[in-house]
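**Q**
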């Protein structure tokens with residue numbers, strides 16, 4: 002509690018934080034420029050950090066124009082910007098946040114392996130690997146461990162498994178083959194992490210819960226079991 006935190010929406014293909022925050026009980030108290038604009042050299046780092054009505058919590062939004070227009074100016078600039086220059090801008094942003102005494106700087110990356118998510122790995126000292134118990138993710142996880150995570154130097158790796166069917170949930174699945182497949186997928190992800198050439202401890206599994214996605218549940222439902230799980234999970238990684 003009391004830590005100074007900055008959350009960055011680093012999903013440049015489909016940024017969602019801005020719409021999530023504006024539709025919840027959360028309030029942005031000072032509007033800032035987009036992080037995407039900073040990456041292409043349009044803004045200084047201090048111009049892209051939004052303050053909020055939550056003490057010591059700040060957020061950074063990527064440009065939603067990318068979603069609104071297929072051929073946007075920002076998309077064109079990102080394409081023209083060299084890969085190394087984007088990484089350099091990330092380091093610049095990290096250095097600025099260090100001067101502002103942030104305790105935690107969190108990059109929420111786009112799903113899958115892209116140049117941008119690899120850039121975020123390079124500037125991070127802790128990496129949270131989010132998996133789901135689906136068969137396609139098992140082979141993908143093996144690949145990313147061997148090609149990416151095994152080459153990281155100095156970063157601590159953790160993992161969580163999201164959208165796991167609990168025993169009481171499986172009881173409502175009518176097809177026994179589907180039940181077995183769900184169990185096998187969980188076992189496959191767990192085995193992949195256990196046999197990894199680098200240490201990626203599985204810290205938590207979160208059950209599949211039908212949420213209204215436009216809400217930030219841990220802010221709007223402070224006493225919900227899911228919120229309590231999130232708090233317990235955070236205590237394990239901080």
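Residue numbers (the working numbering): 2 to 239.
Quick reminder that beta carbons are idealized off the backbone N, C-alpha and C, glycines included.
#1: Which residue spans inside the stretch 73-141 form an unbroken beta strand (DSSP E) run of at least 3?
#2: With three or more C-beta pairs closer than 8 angstroms as the rule, is the stretch 182-201 touching the stretch 139-146?
#3: Who are residue 157's beta bridge partners in DSSP?
#4: Where do the ends of the beta strand (DSSP E) carrying residue 239 lie?
#5: When you compare each of 120, 112, 109, 125 to residue 99 by their alpha carbons, which one comes out closest?
#6: Please report the straight-line C-alpha distance between residue 6 and residue 52, rounded to a whole angstrom.
#7: What does DSSP give as the partner residue(s) for residue 51 in the beta ladder?
#8: For the alpha helix (DSSP H) that contains residue 150, what are its first and last residues?
#9: In three-state terms, what does DSSP make of residue 29?
#10: Would the stretch 20-38 count as touching the stretch 48-63 if we require 3 or more Cβ pairs under 8 angstroms?
#11: Would you report the Cα separation of residue 147 and residue 199, rounded to the nearest angstrom?
#12: Over what stretch of residues does the alpha helix (DSSP H) that includes residue 221 continue unbroken?
#13: In three-state terms, what does DSSP make of residue 15?
#14: Let me know the secondary structure DSSP gives residue 8 once reduced to three states.
#15: Classify residue 162: buried if its beta carbon has 16 or more other beta carbons within 10 angstroms, exposed otherwise.
#16: Over the uninterrupted beta strand (DSSP E) stretch that includes residue 208, give me the two end residues.
**A** Result, derived from the coordinates:
#1: Listed in chain order, they are 105-110, 127-132.
#2: yes
#3: As a position in the chain shown, residue 157 is number 156, starting the count at 1. Beta-bridge analysis with DSSP links residue 157 to 127.
#4: Position 238 of the chain shown, counting from 1, holds the residue named residue 239. Neither: residue 239 is in no beta strand (DSSP E) and is coded neither H nor E.
#5: Within the chain shown, the letter at position 98 stands for residue 99. Nearest of 120, 112, 109, 125 to residue 99, Cα basis: 125.
#6: On the chain shown, residue 6 is found 5 positions in, with the first residue counted as 1. On the chain shown, residue 52 is found 51 positions in, with the first residue counted as 1. Cα to Cα, the separation comes out at about 11 angstroms.
#7: Along the chain shown, one-based indexing puts residue 51 at 50. Answer by DSSP bridge pairing, in chain order: 60.
#8: Within the chain shown, residue 150 is the residue found at index 149, counting from 1. Note, residue 150: premise wrong, no alpha helix (DSSP H); not H, not E.
#9: If you number the chain shown from 1, residue 29 lands on position 28. It is a strand residue.
#10: yes
#11: The residue given as residue 147 occupies position 146 in the chain shown. The residue given as residue 199 occupies position 198 in the chain shown. So the two alpha carbons sit approximately 9 angstroms from each other.
#12: Taking the chain shown and counting its residues from 1, one reaches residue 221 at position 220. That run of the alpha helix (DSSP H) goes 218-221.
#13: To locate residue 15, count along the chain shown from 1; it is residue 14. Three-state result, residue 15: coil.
#14: By one-based count along the chain shown, residue 8 stands at place 7. Strand at residue 8.
#15: The sequence position of residue 162 within the chain shown is 161, counting from 1. Looking at its Cβ environment, which holds 16 or more other Cβ atoms inside 10 Å, residue 162 is buried.
#16: Along the chain shown, read from residue 1 onward, the residue named residue 208 stands at position 207. Its beta strand (DSSP E) spans residues 203-208.
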